[in-house]
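Numbering of the sequence shown is given in our numbering, commencing with residue 7 and proceeding in unit increments.
All residues carry an ideal CB built from backbone N, CA and C; glycine is no exception.
Note that the coordinates shown come from a computational prediction; the quantities given were computed from them, not determined experimentally.
Right, one structure below, let's go through it.
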Amino acid sequence: MSAVHRERRAELARRLRAAGGGLAIVSTAPEAMRSRDSEYPFRPDSHFHHLTGFDEPEATLVLRADGHCELFCRDKHPEQEVWTGVRLGPEAARDALGVDAASSIAQLDQRLPELLNQQPAVWTVFGTRGTLDEQLDGWLAAVREQSHFGHAPPVSHRDLAAMLDEMRLFKAADELALMRRAAAISAAAHVRAMRFCAARFRAEPAGELAEYEIEAELLHEFRRQGAAGPAYPSIVAAGANACVLHHSAGPTRLRAGELCLIDAGCEFDGYASDITRTFPASGRYSAPQRELYDIVVAAQDAAVAVTRPGERHREAHHAAVRVLAQGMLDTGLLSHDRHGTLDDIIERASYRQFYMHGTGHWLGRDVHDTGDYLSRDEAPFEQPDYLGGRVVKHPSRKLEPGMVVTLEPGLYVRPAEGVPERYWHIGIRIEDDAVVTPTGCELISRGVPVRADEIEALMRG
Ligand code: GLY
Ligand code: MN
Ligand code: MN
C-alpha cells in the first residue's frame with residue numbers, strides 16, 4: 007500500500023496510453039470452498055496484488071489510461087469482522103491504498119457503466135475463469151441502454167495479460183529483496199530437512215522415515231520464519247519416487263542408502279521460491295548415486311555460466327542438455343552403438359529417456375511466473391519436433407537484468423533394457439533461483455549447499 011503500487015499503476019496507465027487508451031479492470035481471485043462451509047486459505051490474484059498490495063477477497067481495481075483509478079472493496083461489517091477479521095472498508099481504502107476513489111463492491115454495477123462510457127477499449131486479463139466476463143457483459147449492455155443520451159460503450163475488448171505479464175517479468179529492487187528472503191527461508195528449510203534425516207539415521211541406522219515427516223520439517227521452517235506456506239505442493243520423494251517428477255510427499259518410507267529428492271519452496275509476502283536438492287538419506291552418496299549426482303551438478307554449472315544478459319533463456323537448457331547427454335554416454339545410460347554421437351543424441355532428443363523436462367522457468371509471484379519465453383520481434387524459424395513433424399517458432403528471448411529464472415537440471419533412471427542396473431530408480435534434480443544481473447547472475451538460493459562433498463559435510467556436522 008505504498009508508493010510502489012502507485013508507481014506500478016502509473017506505469018500500467020502509461021502502457022495503456024501507448025496502446026491506444028481505455029479502461030483496465032482487474033479483480034482479485036475468487037474465494038474457493040474446500041468442503042461444505044470451509045474455505046481454502048485465500049490468496050489474492052497475483053496481478054491484482056501487484057497493483058494494489060491489497061489482500062482482502064471481493065475487490066476490483068479499475069484504472070483509466072489517464073491514470074485515474076478506483077478501488078471497489080467489501081464494506082465494513084462489524085458482525086462478520088468478529089468471525090473473519092477486520093476489513094479495511096472503502097472509507098479507509100482511499101488513503102491506505104493511494105487510489106483516487108474507493109467504493110463498496112456493491113457499487114460496481116452502478117459505477118462501471120459510467121466509467122466505461124466513451125472509453126475506446128476495455129482491458130481485462132483474458133482466460134482467468136472468473137465471473138468478470140459475465141459482469142462486463144452486463145455493464146456494456148447498461149452503457150448501450152443509455153445510447154439515446156449519447157453514451158457509447160468501448161468498441162474493443164482487449165487482453166491485459168501481456169502488459170501485466172511483461173511488467174512483472176522485470177523485478178524491481180523491493181521485489182528482489184522479498185525474493186531473496188523467500189529463497190533464504192526455503193534454503194534453511196532444506197538444510198533443516200537434511201539435518202533431520204542425518205540425525206534420524208545416525209540414531210537408527212536401520213530405521214525409516216516417512217516422506218511426510220520430512221515435509222513437516224520444511225513446513226515448520228517456512229512458518230517459523232514468517233512465510234505464508236509452500237509456494238507449490240512440496241515434493242518429497244524417497245528413492246524411486248524421485249523418478250515421478252511431481253510426486254507429492256506421502257507415506258512412502260525413506261531408507262538408509264536411498265536418495266531423498268526435495269523440491270520445495272515457500273511463498274513470502276507474495277513471492278515464490280523454488281529449490282530442489284537431492285541428498286543421501288544417511289549422509290553419504292553411494293558410488294552410482296555420486297556419479298550421476300556430479301553430472302547433474304556439472305549440468306547446472308553449465309546452465310549458470312550462460313545465465314547472463316544477452317544470452318537467450320533457452321541457452322541454459324541447451325548447455326545443461328549437452329553436459330547431461332555426455333554424462334549419459336560416459337555412464338553407459340546411452341551408448342554410441344545404439345544412439346550415435348553426442349550431437350545425434352541431442353538432435354534426436356534421445357536424452358529425453360532420462361531428462362524429459364526443461365531447465366528453468368521465470369520465477370516471481372507465481373512459481374511459474376508470467377512473461378513470454380519467446381522473442382516475437384524476431385523472425386520465426388522452422389525446426390523438427392520430437393514427433394517427426396516440423397514446428398515454426400520464434401527464437402527464445404534474451405535475458406535482461408531483473409529477470410529471475412530457475413536452473414533445474416536432473417536425471418531420472420527408470421529400469422529399462424540396456425540401462426545399467428546400478429543406476430536403476432535413481433532420480434536426481436538440483437534447482438536454484440537466479441537473478442539476472444548486469445554481468446551474469448546471482449544465485450539467491452545457495453543458503454543450502456549443492457556440491458556432494460558439502461552436502462555430506464553438512465549432514466555429518
Ligand atoms: N517446483 C516446480 C518446478 O520446479 O517447476
Ligand atoms: Mn522450478
Ligand atoms: Mn521446483
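Can you tell me whether D269 sits near ligand 3, meaning its C-beta is under 7 Å from at least one heavy atom of the ligand?
Residue 269 sits at position 263 when you count from the first residue of the sequence shown. Yes; taking the cut-off as 7 Å, the Cβ of D269 has a heavy atom of ligand 3 nearer than that.
How would you write the range of the beta strand (DSSP E) that G95 sits in, first residue to last?
For this step, residue 95 is matched to residue 89 along the sequence shown. Unbroken run through G95 is the alpha helix (DSSP H), G95 to L103; no beta strand (DSSP E).
Name the residue from E414, V410, L225 and T130 whose alpha carbon lies nearest to the alpha carbon of A183.
Along the sequence shown, one-based indexing puts residue 183 at 177. Looking at the Cα atoms, V410 is the closest of the given residues.
On the three-pair Cβ rule with 8 Å, is the segment 298 to 314 touching the segment 332 to 343?
yes
Segment contact, 8 Å Cβ cut-off, at least three pairs: the segment 156 to 165 with the segment 124 to 131
yes
Looking at C-alpha atoms only, which residue of H226, R261 and A178 is the closest neighbour of R206?
Counted from its first residue, the sequence shown places residue 206 at position 200. Nearest C-alpha to R206: R261.
As assigned by DSSP and simplified to three states, the class of I301:
Start at 1 with the first residue of the sequence shown, and residue 301 comes out as number 295. If DSSP states are grouped into helix, strand and coil, I301 belongs with the helices.
Could you give the C-beta distance for A463 and Y291, rounded to a whole number, given that I count them as a contact under 8 Å?
Counting from one through the sequence shown, the residue named residue 463 turns up at place 457. Counting from one through the sequence shown, the residue named residue 291 turns up at place 285. Contact flag wrong, Cβ pair sits at about 12 Å.
So I432 packs on L265, CB below 8 Å; how close in whole Å?
Within the sequence shown, numbered from 1, the residue matching residue 432 stands at position 426. Within the sequence shown, numbered from 1, the residue matching residue 265 stands at position 259. The Cβ separation is near 6 Å, so the contact holds.
Secondary structure of E214, DSSP reduced to three states:
Here the question's residue 214 lines up with position 208 in the sequence shown. If DSSP states are grouped into helix, strand and coil, E214 belongs with the strands.
If contacts are defined as beta-carbon pairs under 8 Å, then W145 and L122 qualify, I think. What distance do you get, rounded to the angstrom?
As a working note, residue 145 is residue 139 in the sequence shown. As a working note, residue 122 is residue 116 in the sequence shown. Sure, about 6 Å apart at Cβ, within 8 Å.
Along the alpha helix (DSSP H) that carries V149, what are the first and last residues, could you check?
Walking along the sequence shown from the start, residue 149 turns up at place 143. Element bounds for V149: L138 to E151.
Since C447 contacts V441 with CB under 8 Å, what's their CB separation in whole angstroms?
Counted from its first residue, the sequence shown places residue 447 at position 441. Counted from its first residue, the sequence shown places residue 441 at position 435. Rounded, the Cβ-Cβ distance is 6 Å, consistent with contact.
Taking all protein chains shown into account, do 16 or more other C-beta atoms lie within 10 angstroms of the C-beta of R382, making it buried, or fewer, making it exposed?
Stepping through the sequence shown from its first residue, residue 382 is reached at position 376. When all chains shown are included, R382 counts as exposed.
Provide the residue span of the alpha helix (DSSP H) that contains L335, from first to last.
Numbered from 1 along the sequence shown, position 329 holds the residue referred to as residue 335. That run of the alpha helix (DSSP H) goes E321 to T337.
On the premise that A322 lies in contact with G366, defined as a C-beta separation below 8 Å, what is that separation, rounded to the nearest angstrom?
By 1-based counting over the sequence shown, the position of residue 366 is 360. By 1-based counting over the sequence shown, the position of residue 322 is 316. Correct: roughly 6 Å between the Cβ atoms.
Starting from C75, trace the beta strand (DSSP E) both ways and give me its first and last residue.
To locate residue 75, count along the sequence shown from 1; it is residue 69. Per DSSP, C75 belongs to the beta strand (DSSP E) from C75 to C79.
Taking C-beta to C-beta, are G104 and R14 nearer than 8 Å?
For this step, residue 104 is matched to residue 98 along the sequence shown. For this step, residue 14 is matched to residue 8 along the sequence shown. Not in contact: G104 and R14 (Cβ atoms no closer than 8 Å).
With burial defined as no fewer than 16 other Cβ atoms inside 10 Å of the residue's Cβ, what is the status of F54: buried or exposed?
Here residue 54 corresponds to residue number 48 of the sequence shown, with the count starting at 1. It is buried - the Cβ of F54 has at least 16 other Cβ atoms within 10 Å.
Beta-carbon within less than 7 Å of A305's beta-carbon, same chain only, minus the 5 sequence neighbours each way: which residues are those?
Along the sequence shown, read from residue 1 onward, the residue named residue 305 stands at position 299. The residues are A326, V329, L330 and P415.
Could you check whether A108 and C79 sit closer than 8 Å to each other, using their CB atoms as the reference points?
As a working note, residue 79 is residue 73 in the sequence shown. As a working note, residue 108 is residue 102 in the sequence shown. It is a contact, given that the beta carbons lie within the stated cut-off.
Check whether the Cβ atoms of V419 and L369 sit closer than 8 Å, and answer yes or no.
By one-based count along the sequence shown, residue 419 stands at place 413. By one-based count along the sequence shown, residue 369 stands at place 363. Not in contact: V419 and L369 (Cβ atoms no closer than 8 Å).
Between H374 and the rest of its own chain, which residues show a CB-CB distance below 6 Å, the 5 nearest in sequence each way excluded?
Position 368 of the sequence shown, counting from 1, holds the residue named residue 374. Around H374: H367.
Beta-carbon separation (whole angstroms), S33 vs G136, contact threshold 8 Å:
Looking up residue 33 in the sequence shown gives position 27. Looking up residue 136 in the sequence shown gives position 130. Right, their Cβ atoms sit about 6 Å apart.
Alpha carbon of I352 to alpha carbon of A147, nearest angstrom
Position 346 of the sequence shown, counted from the start, is the residue given in the question as residue 352. Position 141 of the sequence shown, counted from the start, is the residue given in the question as residue 147. Those two C-alpha atoms are separated by around 56 Å.
A107 by DSSP, collapsed to three states: which one?
Counting from one through the sequence shown, the residue named residue 107 turns up at place 101. Note: A107 maps to strand in three-state DSSP.
Which residues in the same chain as Y429 place their Cβ atom closer than 6 Å to its Cβ, once the five residues preceding and following it in sequence are excluded?
For the purposes of this step, residue 429 is taken as the residue at position 423 of the sequence shown. Closer than 6 Å at the Cβ level, and outside the excluded window around Y429, lie P294 and V419.
Assuming the contact rule is C-beta atoms closer than 8 Å, E214 and R198 should be a hit. Round their C-beta distance to whole Å, please.
Indexing the sequence shown from 1 puts residue 214 at position 208. Indexing the sequence shown from 1 puts residue 198 at position 192. With 8 Å as the limit, E214 and R198 do not qualify as a contact, their Cβ atoms being about 19 Å apart.
Outcome for T1 when other beta-carbon atoms lying within 10 angstroms are tallied against a minimum of 16:
Residue 1 cannot be examined here, being either before or after the span of the chain that is shown, 7 to 467.
P401 and E384 closer than 8 Å at C-beta
In the sequence shown, the residue the question calls residue 401 occupies position 395. In the sequence shown, the residue the question calls residue 384 occupies position 378. Yes; because the gap between Cβ atoms is below 8 Å, this pair is in contact.
Any non-hydrogen atom of ligand 3 closer than 7 Å to T282 Cβ
Here residue 282 refers to the residue found at position 276 of the sequence shown. Yes; taking the cut-off as 7 Å, the Cβ of T282 has a heavy atom of ligand 3 nearer than that.
Can you tell me the Cβ-Cβ gap for V471 and L449, rounded? I've got them flagged as a contact below 8 Å.
With the chain represented from 7 up to 467, any question about residue 471 goes unanswered, as that position is not in the structure.
So G27 and A71 are in contact, right, with Cβ under 8 Å, and what is the actual spacing, rounded?
Indexing the sequence shown from 1 puts residue 27 at position 21. Indexing the sequence shown from 1 puts residue 71 at position 65. Sure, about 4 Å apart at Cβ, within 8 Å.
With hydrogens ignored, establish whether the beta-carbon of C273 is closer than 7 Å to any heavy atom of ligand 2.
Here residue 273 corresponds to residue number 267 of the sequence shown, with the count starting at 1. Before going further, note that residue 273 is Glu rather than Cys in the sequence given. Checking every heavy atom of ligand 2 against the Cβ of E273, none is found closer than 7 Å.
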